[in-house]
Structure formats: structure tokens, C-alpha cells
């Protein structure tokens with residue numbers, strides 16, 4: 038009886054992990070689509086200062102997708118984890134958390150700089 042319940046829970050967690058992982062992949066796909074759309078619009082209007090917005094659009098989606106992917110990794114080790122799996126999860130968590138931290142920091146820096154910020158404008162202001 039207990040083994041049947043345990044098997045059912047493991048199966049449910051595996052399906053949940055797959056759903057969370059798929060959601061992360063869909064978020065990435067949506068982010069790429071949105072970034073390409075913005076890039077095409079920006080490129081057509083010849084507004085290179087808006088490329089920062091394109092990068093930030095993609096970064097927002099990537100940061101969200103990283104959270105989903107980390108959640109999926111946690112779910113995969115939630116069922117009967119071995120020390121090897123826990124070590125891999127730790128390494129993946131550190132890498133993804135680091136990526137997310139730098140993405141968020143870059144987005145915050147770009148928000149502080151404000152719209153219309155260009156590299157040429159920064160160089161001119163520094164000279």
C-alpha cells in the first residue's frame with residue numbers, strides 16, 4: 038500500500054517537474070520572440086539607442102525562465118536524492134542564481150540610466 042502511494046507521488050512529481058521545465062522553455066521562447074519583434078521594429082526605425090530595451094526585454098524573460106528551470110531542478114532532486122544529485126543541484130543552483138543576479142543587476146543599471154541612453158552619450162559626457 039505504502040509503495041503504491043510512494044510510486045504515485047514520484048510519478049506526480051516527475052510530471053510536475055516536466056511541466057515546470059516546459060514552462061521555463063516556453064518563457065524563453067516567448068522572450069526570444071518578443072526580443073526579435075522589438076529588434077525588428079527598432080532596426081526598421083533605425084533607433085540604435087533602443088537596442089538596450091531589446092536586451093532588457095530578453096533579460097527579463099531569461100531571468101523568469103531561470104527561476105522556472107531552478108524549480109524544476111529542485112523537484113527532480115526532491116524524490117529520493119543521492120549525494121551526487123544534491124551536489125549537481127547545488128552547482129546548478131549557484132550557476133543559475135549567479136546568472137540571475139547579473140541579469141537583474143544589469144536591468145537595474147539600465148533602468149537607472151534611463152531611456153535614450155547611448156554609449157556615445159556616455160563617452161561624450163566622460164570627455
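In this note's numbering, the protein residues as written are 38 to 164.
All C-beta atoms in this analysis are idealised placements derived from N, C-alpha and C, irrespective of residue type, glycine included.
Cutoff 8 angstroms; reference residue i; Cβ partners in own chain excluding five residues on either side
i          : result
residue 98 : 64, 65, 67, 68, 69, 71 and 72
residue 43 : none
residue 56 : none
Cβ-based neighbour list, residue i, same chain, cut-off 6 angstroms, excluding 5 preceding and 5 following
i           : result
residue 142 : none
residue 54  : 109, 112 and 113
residue 126 : 110 and 114
Own chain residues within Cβ distance below 7 angstroms of residue i, not counting five before or after
i           : result
residue 103 : 133, 136 and 137
residue 87  : 79
residue 45  : none
residue 140 : 96, 99 and 100
Backbone CA spacing between residue i and residue j [nearest angstrom]
i           : j           : result
residue 91  : residue 40  : 51 angstroms
residue 150 : residue 89  : 11 angstroms
residue 52  : residue 62  : 15 angstroms
residue 47  : residue 123 : 17 angstroms
residue 93  : residue 148 : 9 angstroms
residue 49  : residue 38  : 17 angstroms
residue 85  : residue 146 : 18 angstroms
Secondary structure of residue i, DSSP reduced to three states
i           : result
residue 165 : Lying outside 38 to 164, the shown extent of the chain, residue 165 is not represented and no answer is given.
residue 84  : coil
residue 160 : Low confidence applies here, because residue 160 scores a pLDDT of 44, under 50, leaving its location unreliable; read the following figure in that light. Note: residue 160 maps to helix in three-state DSSP.
residue 38  : coil
Closest by C-alpha distance to residue i, when choosing among the options
i           : options              : result
residue 95  : 127, 83, 144 and 148 : 144
residue 166 : 74, 105 and 86       : Residue 166 lies beyond the range of the chain shown here (38 to 164); nothing can be said about it.
residue 101 : 48, 58, 74 and 83    : 58
residue 130 : 84, 107 and 83       : 107
Counting pairs of Cβ atoms below 8 angstroms between the segment 105-119 and the segment 77-91, do you hit three or more?
-> no
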